[in-house]
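**Student:**
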Amino acid sequence: GLSQRFEGVVKRLQGLHKLTEENVSDAMREVRIALLEADVNISVVKDFIANVKSLALGMETIPGVQPGQQIVKIVHENLIQVLGGDTANLNLTGRGSTVILMTGLQGSGKTTTTAKLAAMLKKQGYRPLMVSADVYRPAAIEQLGVLGEQIDVPTIKTTTDMNPEEIGRAALEEMTQLNANVLLVDTAGRLAIDEQMMNELSKLKDILQPKEILFVADSMTGQDAVNTARAFNEQIGMTGVILTKMDGDIRGGAALSIKKVTGTPIKFIGVGEKTSQFEQFHPDRIAGRILG
Amino acid sequence: VGAHAKLDDSFMDELEEVLLSADVGLDLTTRIIENLRADVKANLLKTVPEVIEFIKKELEKTVTFDEEEKQPSTKNSKPLVVLVIGVNGAGKTTTIGKLSFKLKKRGKSVLLAAGDTFRAAAADQLETWAERSEADFIRSNSGSDPSAVVFDAVKLTVSRGHDVMIADTAGRLHSKVNLMEELKKIKRIMSRELPGAPHETLLVLDSTTGQNAVSQAKIFNESIGVTGIVLTKLDGTAKGGVVINIVDTLKLPVQFIGIGEKIDDLRPFNPKEFVAAIFE
Ligand SMILES: Nc1nc2c(ncn2[C@@H]2O[C@H](COP(=O)(O)OP(=O)(O)OP(=O)(O)O)[C@@H](O)[C@H]2O)c(=O)[nH]1
Ligand SMILES: Nc1nc2c(ncn2[C@@H]2O[C@H](COP(=O)(O)OP(=O)(O)OP(=O)(O)O)[C@@H](O)[C@H]2O)c(=O)[nH]1
Ligand SMILES: [Mg+2]
Ligand SMILES: [Mg+2]
């Protein structure tokens, strides 16, 4: 982990009484390497380091604690804070029905995650209903339908000759008819720079008035994570982030990038292809992964 | 980048940031920048335009596959069997549809094999692409063994006299040993049924992926051997700079790039355009 990487730094800082510009900068070089190798965006790395540096500088060293170890602790704890501090829940408070809108880039895991969420909500006693507004990808609607059967959650029948807005309206109708209390809307993957598709998503959002807009992001995304997250946040908005494919050997620096540029809480992580492989996001666990 | 800048430290910092932001990776970026600083110090490069021109040429050279290093081409095998692999959601199934269309336009007869017997509606998705590209199609009639589908596909390819068979596989994370074993078995079954198959093994990489793409390429290559890379989603804002390292260290060529979701959104890889986009 960062402590191993820090061994050289720790040795050089031994016996010091104060953390100075020079020795803290020394340590920050190691942090920079760790974060960049973990795919954290370069501008986010710069901000994070500047922040940690100012926290560390001038701090008195603690008797019995190596100054190097003290810096590691500051870095680790600060990272946990920036990642959200603690777990964050879905906003399902209040009576009545909730609409959840799933958004994100192509292939990030939206359809699978829609089913994971529905399965989780069903277990928690809600009456979920799913609908696919993806009229573009071949067999996208079928994909959600098959998943719905697997988890025993109803899926509204939609076809590719409907448009997303009609589907949105029909889904709200159906939700009332079926007395469902959570509607999960899967959407087509889209580029943030695709004006037409972003407009479509914006119109769908207006019709649905979702209580949750969940941005589903692939945890292996590199430097580009800040661009797409920022654009989706500015153009559509997001109330939560879900990072998928965290079951790999991914360091997951995209988590820090996305959280930093949008401020949106990361609520869940996907940890596998099965609908059961879904967990709450724990900032402390992810912080350890990112620091390597 | 630095259109009117002067060749100073802050310009070199800006250049470093351009490379890092393009997912070129820390090690390679550091090496490139250090070499540039040395060349500038030795007065070999004197102006910003010279530096930019130099680095573009260096990167183009690195990402251009050395034809001499390439394995003897089996592209003239008949039938030609192509195996498509990669992590979840990279764009394998869509790329196969595009490839099928390209081959059909060239007058080849193509069979698409739905080797993803795991994911919901995977076979339906590929079947749509087979219809759109007017290719023959085979899927599992029962059961979930991808090797069985691939076995039947090879047999069908030979019996119907197809020129090309492209086998889709389920997305899989390279860190999952059992899934990599499944892939090895698929390849074994293919080559047992038709010696030499698969003649091409294409690794599909999502251009939004960060440094993890390097370990994807490494592990997929170690497991079953990769003959070429397809870099998808380059129509987005990601630059896919991670392939520079992959071509350099693993000697794998980038064959095609995906630039959209439609059937003709597949282009041959062009090193000059790829590098130019990094500096846009
Ligand atoms: N290993 C792993 N695979 C996942 C996870 N979440 C989704 N996947 C896989 O990622 C691939 C893409 O998932 P989809 O749900 O089709 O992604 P999508 O965002 O709906 O894709 P588009 O609709 O085309 O934009 C599939 O193979 C899923 O099984 C995860 O947490 N771990
Ligand atoms: N914009 C863009 N989208 C692409 C490109 N290639 C594929 N896609 C999209 O990426 C998503 C995933 O594509 P798939 O072909 O299902 O990916 P896959 O690797 O087969 O996914 P799994 O089988 O689930 O592992 C789909 O929405 C595609 O339309 C590309 O070059 N550009
Ligand atoms: Mg989908
Ligand atoms: Mg597929």
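Line order of the protein sequences matches chains E and Z. Under this note's numbering, the first residue of the first sequence carries the number 98, and numbering increases by one thereafter. Under this note's numbering, the first residue of the second sequence carries the number 6, and numbering increases by one thereafter. Beta carbons: idealized from backbone N, C-alpha and C, even for Gly. Here the structure is a predicted model, which is why all the values come from computation and not from measurement.
Looking at ligand 5, does it come within less than 8 Å of residue 176 of chain Z, judged from the CB to the closest heavy atom?
**Tutor:** Here the bound small molecules are ligand 1, ligand 2, ligand 3 and ligand 4; ligand 5 is not part of this structure.
**Student:** Determine whether the Cβ of residue 242 of chain Z lies closer than 9 Å to any Cβ atom of chain E.
**Tutor:** Yes, its Cβ sits closer than 9 Å to a Cβ of chain E.
**Student:** If you reduce the DSSP assignment to three classes, tell me which class residue 16 of chain Z lands in.
**Tutor:** Three-state result, residue 16 of chain Z: helix.
**Student:** Give me the Cβ distance between residue 307 of chain E and residue 152 of chain E, rounded to the nearest whole Å; I'm assuming they're in contact under 8 Å.
**Tutor:** Their Cβ separation, rounded to whole angstroms, is 37 Å, which puts residue 307 of chain E and residue 152 of chain E out of contact at 8 Å.
**Student:** Could you tell me how far apart the beta carbons of residue 172 of chain Z and residue 87 of chain Z are, in whole angstroms, since I believe they sit closer than 8 Å?
**Tutor:** That pair is a contact at about 7 Å.
**Student:** CB residue 28 of chain Z to CB residue 136 of chain E, shorter than 9 Å?
**Tutor:** Yes, the Cβ-Cβ distance between residue 28 of chain Z and residue 136 of chain E is below 9 Å.
**Student:** I'd like to know whether the C-beta atoms of residue 30 of chain Z and residue 216 of chain Z end up nearer to each other than 9 Å.
**Tutor:** Contact flag set, yes.
**Student:** Say whether chain Z places a C-beta atom closer than 9 Å to the C-beta of residue 235 of chain E.
**Tutor:** Cβ-Cβ to chain Z under 9 Å: yes for residue 235 of chain E.
**Student:** Just the Cα atoms here: how many angstroms apart are residue 330 of chain E and residue 364 of chain E?
**Tutor:** Roughly 16 Å between the two C-alpha positions.
**Student:** Taking C-alpha atoms, which residue in Z:227, Z:204, Z:48, Z:169 lies nearest to residue 182 of chain Z?
**Tutor:** Out of Z:227, Z:204, Z:48, Z:169, Z:227 has the C-alpha closest to the C-alpha of residue 182 of chain Z.
**Student:** For residue 358 of chain Z, verify whether its CB is less than 8 Å away from any heavy atom of ligand 3.
**Tutor:** With chain Z covering only 6 through 285, there is no way to say anything about residue 358 of chain Z.
**Student:** Given a threshold of 16 other Cβ atoms within 10 Å of its Cβ, counted over all protein chains shown, does residue 182 of chain E qualify as buried or as exposed?
**Tutor:** Its Cβ having fewer than 16 others within 10 Å, residue 182 of chain E is exposed.
**Student:** So is residue 178 of chain Z in contact with chain E if we call contact Cβ pairs under 9 Å?
**Tutor:** Yes, because at least one Cβ of chain E sits closer than 9 Å to the Cβ of residue 178 of chain Z.
**Student:** Use the C-beta contact count for residue 303 of chain E: other C-beta atoms within 10 angstroms, 16 or more gives buried, fewer gives exposed.
**Tutor:** Answer is exposed; the Cβ neighbour count stays below 16.
**Student:** To the nearest angstrom, report how far apart residue 255 of chain Z and residue 121 of chain E are at their CA atoms.
**Tutor:** Residue 255 of chain Z and residue 121 of chain E: Cα-Cα distance of roughly 37 Å.
**Student:** Under 7 Å between beta-carbons, which chain E residues line up against residue 290 of chain Z? List them in chain order, please.
**Tutor:** The structure shown does not extend to residue 290 of chain Z, since chain Z spans only 6 to 285, so no value can be given for it.
**Student:** Is the CB of residue 217 of chain Z under 9 Å away from at least one CB in chain E?
**Tutor:** By this cut-off, residue 217 of chain Z is an interface position.
**Student:** What residue range is occupied by the uninterrupted beta strand (DSSP E) comprising residue 272 of chain Z?
**Tutor:** Segment 271–273, the beta strand (DSSP E) holding residue 272 of chain Z.
**Student:** Should residue 165 of chain Z be flagged as near chain E, meaning a C-beta pair shorter than 9 Å?
**Tutor:** By this cut-off, residue 165 of chain Z is not an interface position.
**Student:** At 9 Å on the CB atoms, spell out the chain E contacts of residue 121 of chain Z, in chain order.
**Tutor:** By Cβ distance, chain E contributes nothing, its closest Cβ being about 11 Å from residue 121 of chain Z, past 9 Å.
**Student:** Checking contacts by CB at 9 Å: is residue 124 of chain Z closer than that to chain E?
**Tutor:** With 9 Å as the cut-off, residue 124 of chain Z counts as an interface residue toward chain E.
**Student:** Going by beta carbon distance, what residues of the same chain come within less than 7 Å of residue 155 of chain Z, once the five residues before and after it are set aside?
**Tutor:** The answer, listed in chain order, is 118, 120, 172, 191, 194, 195.
**Student:** If we require 4 or more residues per run, which alpha helix (DSSP H) segments fall completely within the stretch 249–303 of chain E?
**Tutor:** 261–274, all fully within the stretch 249–303 of chain E.
**Student:** What three-state label does DSSP hand residue 54 of chain Z in the structure shown?
**Tutor:** Helix at residue 54 of chain Z.
**Student:** Is any heavy atom of ligand 1 found at a distance shorter than 8 Å from the C-beta of residue 205 of chain E?
**Tutor:** Correct: residue 205 of chain E has its Cβ closer than 8 Å to ligand 1.
**Student:** What three-state label does DSSP hand residue 159 of chain E in the structure shown?
**Tutor:** It is coil, neither helix nor strand.
**Student:** Counting contacts by CB-CB distance shorter than 9 Å, is residue 130 of chain Z in contact with chain E?
**Tutor:** Closer than 9 Å to some Cβ of chain E, the Cβ of residue 130 of chain Z qualifies, so yes.
**Student:** Taking the C-alpha atoms as reference points, what is the distance between residue 163 of chain Z and residue 84 of chain Z?
**Tutor:** Going by the C-alpha atoms only, they are around 7 Å apart.
**Student:** So which of Z:65, Z:177, Z:40 has the shortest CA-CA distance to residue 97 of chain Z?
**Tutor:** When only C-alpha atoms are compared, the closest one is Z:177.
**Student:** Hey, how far is the Cα of residue 271 of chain Z from the Cα of residue 20 of chain Z?
**Tutor:** For residue 271 of chain Z and residue 20 of chain Z, the distance between alpha carbons rounds to 30 Å.
**Student:** For ligand 3, I want to know if residue 245 of chain E counts as a neighbour, meaning its beta carbon is within less than 8 Å of at least one of the ligand's heavy atoms.
**Tutor:** No, ligand 3 has no heavy atom inside 8 Å of this Cβ.
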